[in-house]
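Written out below as C-alpha cells is the structure these notes cover.
This is how it looks when you write it as C-alpha cells:
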C-alpha cells in the first residue's frame, strides 16, 4: 500500500499522536512550499524554452524568405513575424513574472530583452531591402546587424537558461538541506520512538531520500539521463517525479538548441545560395540597362569607357567590345551624325559636380534631334571614381512641349478676348442701371433696377470665378503679399456680408481673438476673396440664425503669427458623403441645393486652391440640418507698424452691451476690453433697464441690439431716454444685422432717440468711428460735411473711350461726382488734345480702340509729348494679370476693370489725381439763410411720422423738452469746440425727429460751420440759443 508519511505515522504511533500531528502539519506546510517552488522553477524553464523556440524560428525566417518562390509565401512568412515576436516576449514576460528571481536571473532577463529589441528593430529593414530587390545591400545589412544581433540574443538567452538552472539547483539544494535539518529535529523529538519505527522510517522516508539524493549527485556529476524512478502518491515520490520532469525538460531544451544549431547551418547554406542569386541579379541589371530607353555609359577617372548599354552602342553604330576600355577622345566617340559628349561637363563631373545640359544633334538620316544629357559623378570612399552619362532623346517631348505652350498662349488670348467682350457690354448694363437708379423712381421701379443690378453683379462674379479658375489651372495665379490692416479687411468684409443678409433673420457676427496683431503681411485681396466666398455661402445657405466669422491665434513668434480663419453657420448643412466632393471643380452638395440656391460650384474649389497657395488647406465640418464650419490656418508674417496720427482719447470708461445673442455680447465685450473700457452685458432690454435703474450706475455709452425678444432696441432706447429726462444724456448706439437703409425707414422720432448706428458684424475701428461720430470728435470733424462738396469737384479729366454707351455712363457718373469731363473717341484724338496744350488732372484710357489703342497712345504721351507726370489710368474690360502688366509697362499709373464700382473708381481717381478735389463749403451764414421761414414746431408732420399716435408724440415731446433744457444750460457755459460740435449734432437729429424744423435747420448750419472751421463753433451759440428758447415756448 502506498500511504502518505502522515498516514503511516498516525497508524503506527497512536501514543505520540499529538506530536506526530504537529510535526505533520509543520512538514506538510513546508512540503507544499517546496513543491510550489519546484513548480515555479519548472515553469520558468518552460517559459524560457518557449522564448528560445520563437527566437530560433525568427532566425530561420530570412533564409526561408529568400528561398520561397512567390509573394504569397513571403507575405505568409512576414505575417508570422508578429506572432513570433509576441511568443518570445510573452515567454520572457512570464519568466519575469514567475517570482523568486535572483539578481543574476533578473540581469540576464534584461540583457535578453535588450538584445532581442535590437534584433527586432534591425529585421524590418532587411525585408524592405529584399522586397526592393537590393539583395546585396540586404546581405550586407544582415551580416552587419541581424546575424550578430540574433546571435547575441540567442547567446544571452542561453546564458539566462544556464543561470536559471544554476539558481534552481541552488534553491533545490537549500530546500533539501532544510528538509534534512527538519528531519534531524524531528528525530531528536522522537528519539524515544526511533527504535520502534526505524524500519518504517527507513522504508517510507530515508530510502526515497537516498534515491533522490543519489539521483541529484549523478546529475551533478554530468549524468543528465539519471532519473530517480520514484513512483507513488506520497510527497517524496511526487518530489522525485517532479525532479525527473525537470531533468526531462532540460534535456529537451538541449535537444532544441542542437536542432537550432543544425538549422543555423542550413541557413548559412541558404545564404550562400542567396549570394548566388545576387550575382544573377547583377546580370539581370545589366540586361535591364540594355533595354532602358536612354544611352547609358560609365567612364573611369581616366575617361575610359567601362560600361555602355546597347542603346549607346546603337547610337554609335559599333559593338560593345569596340568601346569598352577606349578613351573618350578616341575616334569611335567622335563620329559625325552622333551625339557628342561635352568635355567641359565631363571634367566638372569628375570633380564631383553633377551637370545637366540640353544638346542638339543630327541623326544618321540628317534629322535634327534634341537630347538631355546628365553627367553624374560616382563616389567611392569619398573620392570621385568615375562618371555616369545618361542621354535621353527628348525630340518628341520638345515638340509636345512647344505644342502645349502654343495651346496655352491660345487659351490665354481666348480668355483675354472673352473677358473683354463680356465685360464691355456688362459695363454698359451696370453703368446704365447706376444712372437709372439716380433718377426719380417709384418703389416698384427701384425694386426692378436693384434686382437687375444684382443679377448683373452675379454674372460679373461668375465671370471672375471662371477667370480665376482658369488662371489657377494654367499655373499663372501668383500671390502678391503686402502689408495690410486686418481690421480694415474685416471692416470691408462686414459691409459685404451685411449687404448679403438683406432682410433675412440672420445675424453675421465677428469672434476675433484680441491677441492677433492688426498689421500683417499677406495677399489681402485673395484672403478677402476666401472670406467673402465662405461668408457669402454661409449667408446664402442660412435662412435664420447666425453666421460667425472666427479668428483664433494658434501660435506666435517674434516674426509671424499662425491664425485660424473659420466661418460657421446654422444653415442647412450637408452630409458626410457630400463633404467628400464639396471641393471638386464645378461640384455642389446636391442637385436640389443647386436648383434652390444657384451657383457654379467653382467658389469653394478656388478657395481651397488659394488656401493651398498660402500653405494651408480648407477644411469643412458639417451636419445636415444643423449647419457647417469651414476653416483654414495661415502663417502670417508681422508687418512694420504704421505711425497713426495722434487722436484724442475717447471719453469712454464704462459701456453697457445689450444683446440677446451670447456670441455678439462676448465679441463686443472683448472689443471693449481691448480698448481699455469696462464692459457690462445684458441679455434683454428689461435687464438693461434694471441695471440703469440701480443707484449710482452710469454708462458713457450703451450699445443696443435692434432685434430682441420682448423689448426690442427701439422700445428699450425710448425707455432709457425717459429714464434720463433732465439728466446728462448717455450715448445710445443701435446695433443691427440689417443694412443702413433700414434705419431710414424708421420714423424720424425714433431715429432721434439714438446717437449712432452700427451694422453687424463690427470691428474695433468701426465702434471707435461710431463713437467719435456720436461725440462729434476729431474723427468726425476731419470728414467733410454732409453736403460740403462733390468728391471730384475741381478735377478736369480726359475720358478716352470708343464705345458710345461707355462714354455716356462714365461721363454722367463722373460729372455727377463733380468732375469736369472731356471725351476722346480713340487714342489719336487724346494725343492730339494733349499736343494742343489742353491740360488735365488725370486721363482715363481704354486699351482696345480703333485708330490708336490705349497702350500705343500712352507710350506716345510719355515719350513723344514728354508728359511723364500726367496720371493715366487704364479703364478696360481686360482683367487678366498679363493685361495689367502690359498697361504698367506702357507707362500707365493704375488699372480699373470694367464694369467698375463707382466708389472704387472715385477713390482711385482721388489717389492719383494731381488736382485738389473738393472746394471749401459755403459760409455758415449763407447756409443758414431762410431759417425764419421754417416753423418752430410742425405738430402735424411729427404726428404723421409717428403713425398718428398722439400718446407716443406726447411722450417723445416731453423727453425732447427735458433734453433741450439741459442742452440750453450746457450751451450757456464756455465749452470747447469739440463739446459744442457734439451738442450741435445731437440737437440737429433730436429736433428733426419731433418736427422742430427751424431748430433742426439752425443746428445743422451751426454743426456744418463748426466742422469746417472749429473756431466758428462759439459764434453759432447765440443764434442757436434764441431759436431753442423759442421752440421751448412753442412746445409748452
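Numbering (full-length UniProt numbering), first residue to last: 1 to 1036.
Backbone N, C-alpha and C define an ideal beta-carbon position, used for all residues, glycine too.
These numbers were taken from a predicted model, which means no experiment stands behind them.
Pair within 7 angstroms by beta-carbon distance, residue i and residue j
i            : j            : result
residue 1035 : residue 957  : yes
residue 612  : residue 632  : no
residue 663  : residue 679  : no
residue 797  : residue 842  : yes
residue 145  : residue 115  : no
residue 374  : residue 390  : yes
residue 761  : residue 494  : yes
residue 1051 : residue 266  : Limits of the chain in this structure are 1 at one end and 1036 at the other, which puts residue 1051 out of reach.
residue 755  : residue 735  : no
residue 513  : residue 552  : yes
residue 544  : residue 517  : no
residue 347  : residue 355  : no
residue 984  : residue 1006 : yes
residue 700  : residue 653  : yes
residue 792  : residue 817  : yes
residue 874  : residue 847  : yes
With 16 other Cβ atoms within 10 Å as the buried cut-off, status of residue i
i            : result
residue 854  : buried
residue 697  : exposed
residue 199  : exposed
residue 829  : buried
residue 766  : buried
residue 31   : buried
residue 26   : exposed
residue 640  : exposed
residue 1021 : buried
residue 717  : buried
residue 52   : buried
residue 605  : buried
residue 34   : buried
residue 533  : buried
residue 836  : exposed
residue 988  : buried
residue 804  : exposed
residue 1017 : buried
residue 637  : exposed
residue 1056 : No information on residue 1056 is available, as it lies outside the stretch 1 to 1036 that the chain covers here.
residue 184  : exposed
residue 91   : buried
residue 393  : buried
Per DSSP, cross-strand counterpart(s) of residue i
i           : result
residue 619 : 631
residue 35  : Residue 35 is not bridged to any residue.
residue 555 : 562
residue 371 : 359, 393
residue 299 : 305, 387
residue 734 : 704, 757
residue 85  : According to DSSP, residue 85 bridges with nothing at all.
residue 876 : 897
residue 376 : 388
residue 613 : Answer is none; residue 613 lacks a bridge partner.
residue 519 : 485
Is there contact here, the segment 679-691 with the segment 702-712, by at least three beta-carbon pairs under 8 angstroms?
yes
Enumerate, from N- to C-terminal direction, the unbroken alpha helix (DSSP H) stretches of 4 or more residues contained entirely within the UniProt domain "HPt" (945-1036).
950-971, 977-993, 997-1012, 1021-1035
On the three-pair Cβ rule with 8 angstroms, is the segment 900-909 touching the segment 964-973?
no
Given 8 angstroms, three or more beta-carbon pairs between the segment 562-581 and the segment 614-631
yes
Closer than 8 angstroms is the cut-off here; do at least three beta carbon pairs connect the segment 535-553 with the segment 494-510?
yes
Segments assigned alpha helix (DSSP H), at least 4 residues, entirely inside the segment 242-328:
310-316, 320-323
So does the segment 34-48 actually touch the segment 90-99, counting three or more Cβ pairs closer than 8 angstroms?
yes
State whether the segment 290-307 contacts the segment 149-156, with contact taken as three or more CB pairs (one from each stretch) at a distance under 8 angstroms.
no
Say whether the segment 399-409 touches the segment 377-387, bearing in mind that this needs 3 or more beta-carbon pairs closer than 8 angstroms, one atom from each stretch.
no
Do three or more CB pairs link the segment 133-148 to the segment 75-87 at distances below 8 angstroms?
no
Three CB pairs or more closer than 8 angstroms across the segment 522-536 and the segment 482-494:
yes
Given 8 angstroms as the limit, is there contact between the segment 60-77 and the segment 218-237, that is, 3 or more CB pairs closer than that?
no
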